[in-house]
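So for the sequence shown, our numbering puts the first residue at 24; every next one is plus one. Down below is the structure, laid out as C-alpha cells.
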Amino acid sequence: MDLGTYVYCVVASSRAPRPPRARRGLPGTGPVRLVDLARGLYLAVADAPLNRYGAAAISKGLSDLDWVSRAAVAHEGVVESFLGAAAVLPMKLFTIFTSDERAVDHFRDQRSRISAMVKRVANHHEWGVRVVLDRSAAKKTSSRRPKAGNVGTGIDYLTRKKARRDEALELAARARETVAALYDRLTARAREARRRSAAELPATGGPLLLDAAFLVPRARSAAFRAAAAREARTLAPHGYGLTISGPWPPYTFVQD
C-alpha cells in the first residue's frame with residue numbers, strides 16, 4: 024500500500040514534543056509522530072494511505088460533507104493537542120506529501136516565513152468572540168416606539184410603517200456602534216485582532232453582529248476571558264448575546 028505523509032502542523036519547541044498517545048488522527052492514518060526540522064521546529068505528521076488521501080481520493084471526497092467534517096474534526100484535534108508548545112502553526116486540511124523527505128524539503132524552503140510566523144504567535148492563544156442580537160429584547164430598550172394610530176386610515180398606516188422603519192434603522196445603527204466599541208475594547212487587550220464578516224441586520228431573527236478572533240498572550244488569557252465575560256453581562260440586558268471560545272491554536276493568525 025502506497026503511503027504519503029500527512030502534515031497536521033508545525034510545532035515550535037525547545038525540546039521534542041511528545042506525540043499525543045490517545046489522540047486519533049484522520050481515519051485510516053497511522054499514529055501521530057514528529058519529524059525534526061532542526062532548530063526547534065518539528066512537523067506533526069502521520070502516514071496516510073494514498074488510496075484514501077491521494078489527490079484523486081480527496082477530490083472525490085470533497086463532495087461528501089460528512090467525510091470532510093470528520094476529517095476536519097480529527098485534524099483540529101491533533102493540532103490542538105500541541106497547544107502547550109511554545110507555538111503551533113496549523114496546516115490546512117489535507118496537507119499531504121509523497122514522503123517525509125518531500126515534506127521536510129518543502130518546509131525547510133519556507134523556513135524564513137515559518138520563523139516569522141512562530142515569532143508572531145509564540146506564547147499566544149487565539150480567542151473567538153461572537154455577538155448575536157435578540158431583536159425582541161433589543162426593541163424593549165429602544166428609545167423610540169411606533170405610535171399607535173387609528174386603524175383604517177391611509178395616513179395612520181403610513182405613519183406606523185414609517186415609525187417601524189425608523190425604529191429598525193435606529194436599532195441597526197445602535198447595534199453597529201455597540202459592537203464597534205466592544206471590538207475596540209477587546210482589541211486593546213490583544214496583540215492582534217481580526218474581525219470576520221458578519222451579517223447586517225436582517226428583517227427577522229437574531230443576526231450575527233460580530234465574529235472576531237483575538238491573538239492574546241498566554242499570560243493575559245485569564246484577564247481577557249474575564250473582560251469578555253463582563254462585557255457579556257453588560258450587554259445581555261440590551262438584547263446582545265456574547266459568547267467566547269478558546270483558547271485555540273492561532274488558526275486565524277497564520278493565514279496569509
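Glycine included, every Cβ here is placed at the ideal spot set by N, Cα and C. Model, not experiment: these values are computed from the prediction.
- Annotation: the continuous beta strand (DSSP E) that includes T28 extends over 26-35.
- Within its own chain, the residues whose Cβ lies closer than 6 Å to the Cβ of G84, once the five positions on either side in sequence are excluded, are W90, listed in chain order.
- Contact check between the stretch 90-107 and the stretch 115-122: three or more CB pairs, one atom from each, fall below 8 Å, which counts as touching.
- By the neighbour-count definition (other C-beta atoms within 10 Å, threshold 16), I178 is an exposed residue.
- Straight-line measurement puts the Cα of L73 at about 8 Å from the Cα of A80.
- Of the candidates R62, F105, A251, the residue whose Cα lies closest to the Cα of V55 is F105.
- Comparing alpha carbon positions, the residue from R256, I137, G151 closest to R62 is I137.
- Each residue's CA atom was taken as its position, placing L60 and D207 some 39 Å apart.
- In this structure, the beta-carbon distance from D123 to T28 falls below 7 Å.
- Selection A250, R219, V277, V202 evaluated against G262 yields V202 as nearest (Cα-Cα).
- The straight-line gap separating the alpha-carbon atoms of V155 and A259 is approximately 10 Å.
- Ranked by Cα distance from V144, the first of R253, L112, P270 is L112.
- L66 counts as buried, since no fewer than 16 other beta carbons sit within 10 angstroms of its beta carbon.
- Counted as a single uninterrupted DSSP element, the alpha helix (DSSP H) harbouring D89 occupies residues 88-103.
- Taken atom to atom, the span from the alpha-carbon of Y76 to that of N146 is near 33 Å.
- With fewer than 16 other beta carbons inside 10 angstroms of its own, T121 counts as exposed.
- Close CB contacts of L26 within its chain, under the 7 Å cut and outside five residues either way in sequence, are with D70, A71, P72, L73 (chain order).
- Residue environment analysis places H148 among the buried positions, since at least 16 neighbouring C-beta atoms fall within 10 angstroms of its C-beta.
- By the neighbour-count criterion, in which a residue is buried when 16 or more other Cβ atoms sit within 10 angstroms of its Cβ, A110 is buried.
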